[in-house]
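Each remark here refers to the structure printed beneath this line.
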Amino acid sequence: MAAVVGHYNFWTITSEKALQDAWLHLENVKPLSATSSVLSIVMAPIIVLGNLLVLLAVWKDPLKKLRSSPSNFILVSMALADLSVGLVVCPITAYWGWVIFEKGTSPFDLSVIFAINVFSVNVSFGHMFLLTVDRLLAVVKPLQYRVIITNKRAVIASCICWIYFLAFGCSFLMLRDYFAIMGAVYNVQLLSILVSMLIMYTVITIRLRRYSKTRMNKPIHSPNSLLVILQREKRLFKAITIVICAFLICYMPWFIVQLLIYLCKPCHPHLALLMIFFGFSGSLTYANSGLNPMLYSWRLPRYRETFKYFWKKRALKIKAQTNKNSSEEVKNTKL
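All the letters of the sequence shown, read from the start, carry residue numbers 773 to 1107 under the numbering used here.
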């Protein structure tokens, strides 16, 4: 909030002061808060439904295909984190914004919102990092992958992710008198994770292209083999591109706004516009929890097969119930 607050005691600003100076004193605070509330209400059911489907697929696992891979433990843990965003973060944010819209005052301290976001939203962010590391090792060290990435290590990594962000979230509440410092640390660590993920995705893409070129340079017995290699490379590149683009769309606006808040002193006269982007970019980070099931789980063949199984089973059940009702109607008509 350096550009927003504009005084030399910025680094010792409390969360209460930041809330008053950066949000509540705005002339358009009520419509901004109402918009934030509506966005959270709209996203909550989408996030909950998508991640419940992932958890249901793994819990039932009718085809016995989803519990053997270590990466699935990370996917399940991320789905739990994303589910908490839909069940906890979005409702609390909606309530916070609605109270401000009605009464013009905040129902609780700003550090509470940040603490909840750090715990839920960033646990999901951390699991995205773990999945990127998992994919990198699968590409860079394919022969040693099964030895390096085990179920036990995947569970331990997920637990560390939960514990770390829980502790960091609690630190926001305990150090609310140093809100700006905690916010700076928070942004630096997330930006570091973001840059690391982009570097890893770049390495994955380069390795895959190099592997495909090596395969194509070898003697190929039929044109169909070359076609399969090209199609595989195209699918992998498309999948990685979609993940990166969605990731950047959801998180880059937040980082850009944070950089403007902390470093752009000329932005001070445009505080209202800056806060609009702040609220919108925060909602985008929530939207990422709704996209994760589609980006990381639904596109995997094993998950698609399980979802198709559920859909066919449900369709057969509906058909059987319809036929039963039709038979009863015919029987009653004859009587």
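We put the CB at the ideal spot given by N, CA and C, even for glycine.
*For the segment 1025 to 1034 against the segment 817 to 825, are there 3 or more C-beta pairs whose distance is under 8 Å?*
no
_Judging by CA-CA distance, which residue of K1089, L1088 and S1069 is the nearest neighbour of V830?_
S1069
_According to DSSP, is F880 part of a helix, a strand, or is it coil?_
coil
*Could you tell me which of V884, G869 and S883 sits nearest to T877, measuring between CA atoms?*
G869
*the segment 928 to 941 / the segment 889 to 904 touching (three or more Cβ pairs under 8 Å)*: yes
*Is it right to say T1078 is buried, meaning 16 or more other beta carbons lie within 10 angstroms of its own, or is it exposed?*
buried
_Quick check: S767 and I846, are their CB atoms within less than 7 Å of each other?_
Within the shown structure, residues of the chain are numbered from 773 to 1107, placing residue 767 beyond reach of any answer.
*From A910 to R981, what distance separates their C-alpha atoms?*
If I take the Cα positions, the gap works out to 15 Å.
*asked:* Quick check: the Cα distance between K832 and F1082, rounded to an integer number of angstroms?
replied: C-alpha separation (whole angstroms): 10 Å.
_Distance, S1061 Cα to C1022 Cα_ = 10 Å
*Would you call L1088 buried or exposed, if buried means 16 or more other Cβ atoms sit within 10 Å of its Cβ?*
exposed
*Helix, strand or coil at E1077 according to DSSP, with G and I counted as helix*: helix
*How about the segment 801 to 817 and the segment 1047 to 1059: do they share at least three Cβ pairs that are nearer than 8 Å?*
At 8 Å Cβ cutoff, the stretches touch.
*Buried or exposed: where does R948 fall if 16 or more other Cβ atoms within 10 Å of its Cβ makes it buried?*
buried
*Would you kindly report the start and end of the unbroken alpha helix (DSSP H) that includes C933?*
N923 to M946
*State buried or exposed for A1044, treating a residue as buried only when at least 16 other CB atoms are found within 10 Å of its CB.*
exposed
*Exposed or buried, what is K789 when buried is set at 16 or more other beta-carbons lying within 10 Å of its beta-carbon?*
buried
_Rounded C-alpha distance that separates I1014 from I885_ = 30 Å
*Determine contact between the segment 897 to 915 and the segment 848 to 861, defined as no fewer than three beta-carbon pairs at a distance below 8 Å.*
Yes, the segment 897 to 915 touches the segment 848 to 861.
*Check whether the Cβ atoms of N844 and L835 sit closer than 7 Å, and answer yes or no.*
no
*Unbroken stretches of the alpha helix (DSSP H), 4 residues or longer, contained in the segment 850 to 910*: 862 to 875
_Own chain partners of I976 with C-beta closer than 7 Å, once the 5 adjacent residues on each side are dropped_ = R907, L908, V911 and I1012
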